[in-house]
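Asks: Protein chains in written order, with UniProt numbering: chain W, 1 to 214; chain C, 1 to 220. Yeah, the Cβ is synthetic: ideal placement off N, Cα and C, and Gly gets one too. My questions all concern the structure below.
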C-alpha cells in the first residue's frame, strides 16, 4: 500500500459525507410531515402513512437504489447515480426518522399536553412550543445513532456506481489485487468517520437532556 | 410498468429460488451469529484483559464497518492470503460476524439488566459461574433480548441483499439478471421488492406484537 493508494480511497470520502448528510437532512425534514400524518386524527391519512413507512422499511436499501436507478432511470427519466442514491437513501431515512420522531413524541409525558391545554394553548402552539422542543431532545441520541447507521448504509451506493469509499476500495482492490489491506483500510475509514458523530451526540445529549420535563 | 401475468409466471421460479438462497443465508448467519454473539458478550464481560480486548475488537469492527465492506473483505480480501471461499460461505461468514457483533451488544445489555441479586442468589446456593449463567442468568436475559434479536433478524434478512456484490445468486441478483436480459428492470425489481416486503412486513408486525407482550411480562 503506497500513499497514492491511500489518497485514491480518500477521494471517496467527500461522496460518502455528501451522501450521508444529504440523505439524513432529507430524512429529517421529510420525516416531520410523515410522522404528522402517522399521528393524524384522520384515519385514512394515518393508514396511508403507516403503510408507506412499512413498505419503505420492508425492502432492502440496495433494492430501492436499483428500483430508482435501473427501474425508473432506464424507463421513465434518466437519473445520475448520485441523485438516485440520494433519493433512495433519503426515502429510507424519512421513514426511519418518522419512526424515531414517533417514539420521541410518545415519550413526552401526557401531563405536558394537559398543562398546555390548562394554559389555553392551542394544539399547534402546544406542539411547536412545548412538545416538539422536548421531543427533539429525546430523539437526538437515536437520531445520532441512525446517522451512523445511515453512513454505513451509503456503502450500497457503490453498487450503482457512486464513487464513494466502498467504490474506491473496490476499484483499488481490482487494480492492485491487495483486497485484504484495501478493504481493511476502507472499513477503518467508516469506523473513524463514526467516532466524531458518536462523540458529538454524547456531548449534545449531556447539554440537552437536562431540559426535558419528567 | 407492471409485470404482465406471463412475465411473472416466467420469472417467479427464478425469483423464488433466489429468495430461498437469501433465506438460507439468513438462517445460517443467525444460527452461527447468535451463539457467536453470546460468546462475544461473555468475552466483553470477562475478567481476563486479553479476552476482553479480542472480543471488543471483533465487536467494534463487526458493528463499525458496513456489512458490505465486511462481505467484500472476506470474499475479495481473504484470497490474497491464499484462503479462497465460495460466495455462499463468504456471505455466511461475513453476515454471521455482523450478527455476532450486533447481537453481542443486545445480549450484553440484557444480561446487565438482570438485577444483581439474581447473581448473588446463584452464588449463595452454590452454583458455579457456568451453572449460574446457564440456569439463572441466560434464561432471564434471553427473554429480555428476544424482541431485539427478532428485530435484528429482519435486518439480516434484508442484509442478504448485499450479497449481490459478491455474485451470490440471491433474490436481488436474480431480479437484476432478469432486468438486464429482458431490459424490463422496473417490473423485475418491483417483483423482488414485493417478495422482500411479503416477508419482512409480517415479520415486523410479529416483532412489534412480541415487543408488547414482552413488555407486559417484564419483571423489574
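#1: On a CA-only basis, which of C:50, C:132, C:191 and C:150 is nearest residue 209 of chain C? Give me that one, please.
#2: Taking only runs of the alpha helix (DSSP H) that begin and end inside the stretch 42–83 of chain W, which ones reach a length of at least 4 residues, in chain order?
#3: Run through chain C and tell me which residues come within less than 8 Å of residue 191 of chain W, C-beta to C-beta.
#4: Could you tell me which of C:64, C:85 and C:133 sits nearest to residue 196 of chain W, measuring between CA atoms?
#5: Are the stretch 89–105 of chain W and the stretch 42–57 of chain W touching by the rule of at least three beta carbon pairs closer than 8 Å?
#6: Which two residues bound the contiguous alpha helix (DSSP H) that contains residue 116 of chain C?
#7: Out of C:47, C:175 and C:43, which has the shortest C-alpha to C-alpha gap to residue 57 of chain C?
#8: Hey, out of W:39, W:153 and W:173, whose CA is closest to residue 190 of chain W's CA?
#9: Which whole-angstrom value is the C-beta distance of residue 132 of chain W and residue 65 of chain W, which I expect to be below 8 Å?
#10: Can you find a CB in chain C that lies within less than 7 Å of the CB of residue 88 of chain W?
#11: With C-beta atoms as the reference, is residue 155 of chain C less than 7 Å away from residue 166 of chain W?
#12: Distance, Cα to Cα, residue 104 of chain W vs residue 5 of chain C?
#13: Assign residue 39 of chain W to one of three DSSP states: helix, strand, or coil.
#14: With 7 Å as the limit, tell me which residues of the stretch 61–74 of chain W have their beta carbon closer than that to any beta carbon of chain C; keep them in chain order.
#15: Just the C-alpha distance for residue 61 of chain W and residue 138 of chain W, rounded to the nearest angstrom, thanks.
#16: Helix, strand or coil for residue 243 of chain C per DSSP?
#17: Compare the C-beta of residue 103 of chain C against all C-beta atoms of chain W and say whether one is closer than 7 Å.
#18: Find the residues of chain C that neighbour residue 186 of chain W, judging by a C-beta separation of less than 7 Å, and give them in chain order.
#19: Using a Cβ-Cβ cutoff of 9 Å, what residues of the stretch 39–52 of chain C are near chain W? List them in chain order.
#20: Rounded C-beta distance between residue 20 of chain W and residue 200 of chain W? I'm assuming under 8 Å.
#21: List the residues of chain W whose Cβ lies closer than 8 Å to the Cβ of residue 10 of chain C, in chain order.
#22: If you count every other CB in all the chains shown that lies within 10 Å of the CB of residue 183 of chain W, and 16 or more means buried, which is it?
#23: Enumerate in chain order the residues of its own chain whose CB-to-CB distance from residue 220 of chain C is below 6 Å, with the five nearest sequence positions on each side excluded.
#24: Could you check whether the stretch 159–167 of chain C touches the stretch 14–25 of chain C, counting it as contact only if at least three pairs of C-beta atoms, one from each stretch, sit closer than 8 Å?
#25: Would you say the stretch 95–106 of chain C touches the stretch 39–53 of chain C, given that touching needs at least three Cβ pairs under 8 Å?
#26: Does the CB of residue 55 of chain W have a neighbour CB from chain C at under 7 Å?
#27: Flag this pair as yes or no: are the beta carbons of residue 36 of chain W and residue 45 of chain W separated by less than 7 Å?
#28: Check whether chain C comes within 7 Å of residue 172 of chain W, counting only Cβ atoms and requiring the distance to be less than that.
#29: Under a three-way DSSP split, which group does residue 55 of chain C fall into?
#30: Just the chain C side, please: which residues come within less than 7 Å of residue 46 of chain W by C-beta, in chain order?
#31: Does the beta carbon of residue 58 of chain W come closer than 7 Å to any beta carbon on chain C?
#32: CA-CA distance, residue 175 of chain C and residue 127 of chain C?
#33: Since residue 177 of chain W meets chain C, which of its residues come closer than 8 Å, beta carbon to beta carbon?
#34: Strictly below 7 Å CB to CB, what residues from chain W border residue 57 of chain C?
#35: Using the Cβ count rule (16 or more neighbours within 10 Å means buried), how would you classify residue 10 of chain C?
#36: Taking all protein chains shown into account, do 16 or more other C-beta atoms lie within 10 angstroms of the C-beta of residue 179 of chain W, making it buried, or fewer, making it exposed?
Replies: Looking at the coordinates:
#1: When only C-alpha atoms are compared, the closest one is C:150.
#2: Complete alpha helix (DSSP H) runs here, min 4: 43–58 and 61–66.
#3: Using a Cβ-Cβ cut-off of 8 Å, residue 191 of chain W is close to 60, 61, 64 and 65 of chain C, given in chain order.
#4: In terms of Cα proximity to residue 196 of chain W, the closest of C:64, C:85 and C:133 is C:64.
#5: Between the stretch 89–105 of chain W and the stretch 42–57 of chain W, the count of C-beta pairs closer than 8 Å reaches three or more; the two stretches touch.
#6: Here the alpha helix (DSSP H) through residue 116 of chain C covers 116–124.
#7: By alpha-carbon distance to residue 57 of chain C, the top candidate from C:47, C:175 and C:43 is C:43.
#8: W:153 is the residue among W:39, W:153 and W:173 whose C-alpha sits nearest the C-alpha of residue 190 of chain W.
#9: With 8 Å as the limit, residue 132 of chain W and residue 65 of chain W do not qualify as a contact, their Cβ atoms being about 32 Å apart.
#10: With 7 Å as the cut-off, residue 88 of chain W does not count as an interface residue toward chain C.
#11: No, the Cβ-Cβ distance between residue 155 of chain C and residue 166 of chain W is not below 7 Å.
#12: About 44 Å.
#13: Coil at residue 39 of chain W, not helix or strand.
#14: If you check each beta-carbon in the stretch 61–74 of chain W against every beta-carbon of chain C, the ones closer than 7 Å belong to 62, 63, 66, 67, 70, 71, 72 and 74.
#15: Approximately 27 Å between the Cα atoms of the pair.
#16: Nothing in the structure corresponds to residue 243 of chain C, since chain C is present only between 1 and 220.
#17: Cβ-Cβ to chain W under 7 Å: no for residue 103 of chain C.
#18: Those are 69, listed as they occur along chain C.
#19: Close to chain W, meaning a Cβ-Cβ distance shorter than 9 Å, is no residue of the stretch 39–52 of chain C at all.
#20: At roughly 14 Å, the Cβ-Cβ gap does not stay under 8 Å, so residue 20 of chain W and residue 200 of chain W are not in contact.
#21: Residues of chain W passing the Cβ test: none, with the nearest at roughly 18 Å.
#22: Under this definition residue 183 of chain W is a buried residue.
#23: Residue confidence is low: residue 220 of chain C scores 46 on pLDDT, short of 50, so the model does not pin down where it sits. Its coordinate-derived value is still stated next. Hits under 6 Å: none found.
#24: Touching, yes, given that three or more Cβ pairs across the two stretches are closer than 8 Å.
#25: Here the stretch 95–106 of chain C makes contact with the stretch 39–53 of chain C; the two share three or more CB pairs at distances below 8 Å.
#26: Contact with chain C is found for residue 55 of chain W, since one of that chain's Cβ atoms lies less than 7 Å from the residue's Cβ.
#27: No, the pair does not count as a contact, with Cβ atoms beyond the cut-off.
#28: No, no contact with chain C.
#29: Helix at residue 55 of chain C.
#30: Residues of chain C whose Cβ lies closer than 7 Å to the Cβ of residue 46 of chain W do not exist, since the nearest Cβ in that chain is about 16 Å away.
#31: Yes, its Cβ sits closer than 7 Å to a Cβ of chain C.
#32: The straight-line gap from Cα to Cα measures roughly 55 Å.
#33: Per Cβ cutoff of 8 Å: 80.
#34: Here the premise fails: no neighbours, minimum Cβ distance about 11 Å.
#35: Per the 10 Å Cβ criterion, exposed.
#36: By the neighbour-count definition (other C-beta atoms within 10 Å, threshold 16), residue 179 of chain W is a buried residue.
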